[in-house]
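Everything on this sheet refers to the single structure shown next.
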Amino acid sequence: MSDKFDVIVVGSGPAGYVAAIRAAQLGLKTACVEKWRNKDGQGVNGGTCLNVGCIPSKALLDSSYKYHEAKDDLTVHGISTSDVKIDIPAMVARKDKIINQLTGGVAALFKANGVTSLFGTGKLLANRKVEVTDFEGKTTVYEADNVILASGSSPINIPVAPVDNKIIVNSTGALEFTDVPKRLGVIGAGVIGLELGSVWNRVGSQVVVLEALDSFLAIMDQQIAKEARKILTKQGLDIRTSCRVTGSEVKGEEVVVTFLDKDGNEQKETFDKLIVCVGRRPFTEDLLAADSGVNLDERGFIYVNDLCSTNAPGVWAVGDVVRGPMLAHKGSEEGVMVAERIAGQKTVMNYDIIPNVIYTHPEVAAVGKTEEQIKASGEAYNVGTFPFSVNGRAMAANETQGLVKIIAHAETDRILGAHIVGPNAADLVQQVAIAMEFGSSAEDLGMIIFGHPTLSEAVKEAALGVHGHAIHAVNKKKR
Ligand code: FAD
Ligand code: AMP
1 MSDKFDVIVV GSGPAGYVAA IRAAQLGLKT ACVEKWRNKD GQGVNGGTCL NVGCIPSKAL
61 LDSSYKYHEA KDDLTVHGIS TSDVKIDIPA MVARKDKIIN QLTGGVAALF KANGVTSLFG
121 TGKLLANRKV EVTDFEGKTT VYEADNVILA SGSSPINIPV APVDNKIIVN STGALEFTDV
181 PKRLGVIGAG VIGLELGSVW NRVGSQVVVL EALDSFLAIM DQQIAKEARK ILTKQGLDIR
241 TSCRVTGSEV KGEEVVVTFL DKDGNEQKET FDKLIVCVGR RPFTEDLLAA DSGVNLDERG
301 FIYVNDLCST NAPGVWAVGD VVRGPMLAHK GSEEGVMVAE RIAGQKTVMN YDIIPNVIYT
361 HPEVAAVGKT EEQIKASGEA YNVGTFPFSV NGRAMAANET QGLVKIIAHA ETDRILGAHI
421 VGPNAADLVQ QVAIAMEFGS SAEDLGMIIF GHPTLSEAVK EAALGVHGHA IHAVNKKKR
């Protein structure tokens, strides 16, 4: 094998592996370096997303929801069940099987597209050279015309709750419990904390979520966040905002967590397991030689411009390791953009339209600006909302919680944002994302013919509601 490539990608998460595949499709001689090893010590692709992130968490969310449904939610349909049991090791093993299928799928795609897969740790040296140290410690230096850094992120650790992987775990450990913790503490009411808290709540844990901020889901539209909080609380998640964890002490098989409540009083709670989900940080350990020429920003992200170009010529960076939301699809699109740019195309990426989903039940999903952001910008806007409680398909499915909210510019009527808490919100919000990408007005969306009966009709009705035209709800604003 020649040691010179057109493109070397470091990291094979959704940002890196997608970049590598697209570069190879465009005829570039491409290699992808990955240091991840599975439980058997073998190198695997897929990064956080496939191994310990998006996919395993959704596998457990789906399994735990099916259990909850079979146990508690079917009587309304006239179905009675008894003695419904869950086998936690089987649930976790199913998750592992899906991981294997998908990581194997990336390896197969690499092969089919002619991407050279290198296992080991990649370090960027000066002049686009990449040193790869394999699992046996052998070092090889490769050269490339372009290098794409896609080293991802890792969970943030906090000294007040150090992970011991026994009682105190991070998101990775929380995917591996072998039985149901009776009392489960979660630090951080972000996306990951709520998803993992939901998994274990559904299979029987008493879950307390401690969140330092006083607002819940501060980055989401607050009308939707309030509704989501109400629904999740009803499900049994004990969400406590304004509660900052200040210490923890593992005593035998349990952990005593100390936190300051909203009045500044010290409180204590005892848990059998504690999940620390206080965010993720960019991962750049062992990635950059001192003379690589790549700069980090003040928060530790690799500094890039809008096109994901670093300040070292021919070196690019994509995904969680650069600014922007830490979302798999954001990194993948950056990967495509960079590969196409390297191949001479003029691809750009629209950072304003990136959907964001919390996979609780029901799901919470958003695209574009929140009402709070629009208000703060001073733009005049109109809002349309539509509740699932009056949507026929939602009633048929007994999934009537939540609403669709669409916000449009008051003068141009262009859709500025869509926010949904409700059944299949992840897929519904994508419909508005597509409309937004085509520059749709709320009126355009409202004029599209939607099949009946569908959950999607709630999207159409919310769009109609922007101008007070919703048919199946009483409009606040009449026209
Ligand atoms: P990563 O996926 O972190 O991959 C980086 C890869 O680079 C890793 O495999 C790492 O081993 C490798 N690497 C790092 N340094 C080197 C080196 N020097 N040499 C070789 N290899 C190296 N996002 C969503 O969009 N939807 C979700 O539903 C979702 N759910 C999540 C649930 C959980 C529990 C977690 C933890 C995250 C979730 N995310 C979700 C976030 C998502 O996983 C990340 O945004 C995404 O994985 C980032 O992709 P990436 O390619 O930038 O980095
Ligand atoms: P996210 O960044 O979306 O994963 O969310 C992480 C959440 O953890 C944020 O909402 C933080 O406010 C919260 N958080 C961080 N440190 C603490 C702490 N010591 N106690 C409670 N919550 C915390």
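Going by the UniProt record's numbering, the sequence shown opens with residue 1, and the numbers climb by one from there.
Even glycine gets a Cβ: it sits at the ideal position worked out from N, Cα and C.
1) What residues in its chain sit with their C-beta under 7 Å from that of residue 454, if we drop five residues either side in the sequence?
2) Buried or exposed: which applies to residue 77, given that a residue is buried once 16 or more other Cβ atoms fall within 10 Å of its Cβ?
3) Contact check, residue 22 vs residue 340 under 8 Å by CB: the rounded distance?
4) In three-state DSSP terms, what is residue 300?
5) Excluding the 5 residues preceding and the 5 following residue 295 in the sequence, name in chain order all residues of the same chain whose CB lies nearer than 6 Å to its CB.
6) Relative to the alpha-carbon of residue 352, which residue among 367, 359, 362 has its alpha-carbon at the smallest distance?
7) Under the DSSP definition of a beta bridge, which residues are partnered with residue 409?
8) So who's on the other strand from residue 322, going by DSSP bridges?
9) By the DSSP assignment, the alpha helix (DSSP H) with residue 68 in it spans what residues?
10) Could you have a look at residue 388 and say whether DSSP puts it in helix, strand or coil?
11) Within 10 angstroms of the Cβ of residue 436, are there 16 or more other Cβ atoms? Answer buried if so, exposed if not.
12) Count Cβ pairs between the region 205-214 and the region 235-254 that sit closer than 8 Å; are there 3 or more?
13) Could you give the C-beta distance for residue 291 and residue 145, rounded to a whole number, given that I count them as a contact under 8 Å?
14) Can you tell me whether residue 252 is buried or exposed, with buried defined as 16 or more other CB within 10 angstroms of its CB?
15) Considering only C-alpha positions, which residue in the set 40, 18, 450, 371 is nearest to residue 222?
16) State whether the region 26-41 contacts the region 196-205, with contact taken as three or more CB pairs (one from each stretch) at a distance under 8 Å.
17) Enumerate, from N- to C-terminal direction, the unbroken alpha helix (DSSP H) stretches of 4 or more residues contained entirely within the region 70-144.
18) Give me the Cβ distance between residue 464 and residue 384, rounded to the nearest whole Å; I'm assuming they're in contact under 8 Å.
19) Would DSSP call residue 330 helix, strand or coil?
20) Please tell me whether residue 286 and residue 81 are closer than 8 Å, where the distance is taken between their beta carbons.
21) Does at least one heavy atom of the ligand NAD sit under 7 Å from the Cβ of residue 237?
22) So, at 6 Å on beta carbons, what are the nonlocal neighbours of residue 4 in its own chain, with the 5 sequence-adjacent residues on each side left out?
23) Flag this pair as touching only if the region 169-178 and the region 272-283 have three or more C-beta atom pairs under 8 Å; answer yes or no.
24) The ligand AMP and residue 244: does the residue's C-beta get closer than 7 Å to at least one heavy atom of that ligand?
25) Rounded to the nearest angstrom, what separates residue 43 and residue 56 at their Cα positions?
26) Given a cut-off of 8 Å on the beta-carbon distance, is the pair residue 386 and residue 400 in contact?
27) Residues bridged to residue 249 by DSSP?
28) Would you say the beta carbon of residue 316 is closer than 7 Å to some non-hydrogen atom of the ligand FAD?
29) Under three-state DSSP, which class holds residue 42?
30) Provide the residue span of the alpha helix (DSSP H) that contains residue 22, from first to last.
31) Alpha carbon to alpha carbon, how far is residue 246 from residue 63?
32) Just to check my reading of the structure: residue 443 and residue 472 have Cβ atoms closer than 8 Å, yes? What is that Cβ distance to the nearest angstrom?
So, to answer that:
1) Closer than 7 Å at the Cβ level, and outside the excluded window around residue 454, lie 393.
2) Under this definition residue 77 is an exposed residue.
3) Indeed they touch by this definition, with Cβ atoms about 7 Å apart.
4) Three-state result, residue 300: coil.
5) If we look at residue 295 and ignore the five residues flanking it on each side, its Cβ neighbours are 303, 311.
6) Comparing Cα positions, the closest option is 367.
7) Residue 409 is bridged to 381.
8) In the DSSP assignment, residue 322 forms no beta bridge with any residue.
9) Where residue 68 is concerned, the enclosing alpha helix (DSSP H) stretches over 54-68.
10) Under the three-state reduction of DSSP, residue 388 is assigned to helix.
11) Flag for residue 436 reads buried.
12) Enough Cβ pairs lie closer than 8 Å, so yes.
13) At roughly 19 Å, the Cβ-Cβ gap does not stay under 8 Å, so residue 291 and residue 145 are not in contact.
14) Result: exposed.
15) Shortest Cα-Cα distance from residue 222 to any of 40, 18, 450, 371 involves 371.
16) Using a Cβ-Cβ distance cut-off of 8 Å, the region 26-41 and the region 196-205 are not in contact, since fewer than three pairs of beta carbons, one from each stretch, lie closer than that value.
17) Counting only runs of 4+ residues, the alpha helix (DSSP H) found wholly inside the region 70-144 occupies 88-113, in chain order.
18) About 7 Å separates the two Cβ atoms, so the contact holds.
19) If DSSP states are grouped into helix, strand and coil, residue 330 belongs with the helices.
20) Cβ atoms of residue 286 and residue 81: not closer than 8 Å.
21) The ligand NAD is not among the ligands present in this structure, which contains only the ligand FAD and the ligand AMP.
22) The answer, listed in chain order, is 143.
23) Taking 8 Å as the limit for Cβ pairs, the verdict is that the region 272-283 does touch the region 169-178.
24) If you check the C-beta of residue 244 against the ligand AMP, you find a heavy atom less than 7 Å away.
25) Straight-line measurement puts the Cα of residue 56 at about 18 Å from the Cα of residue 43.
26) Not a contact, by the Cβ cut-off of 8 Å.
27) Beta-bridge pairing links residue 249 to 256.
28) Closer than 7 Å to some heavy atom of the ligand FAD: that does not describe the Cβ of residue 316.
29) Under the three-state reduction of DSSP, residue 42 is assigned to coil, being neither helix nor strand.
30) Start and end: 14-25.
31) Counting only the Cα atoms, residue 63 lies some 34 Å from residue 246.
32) Their Cβ separation, rounded to whole angstroms, is 18 Å, which puts residue 443 and residue 472 out of contact at 8 Å.
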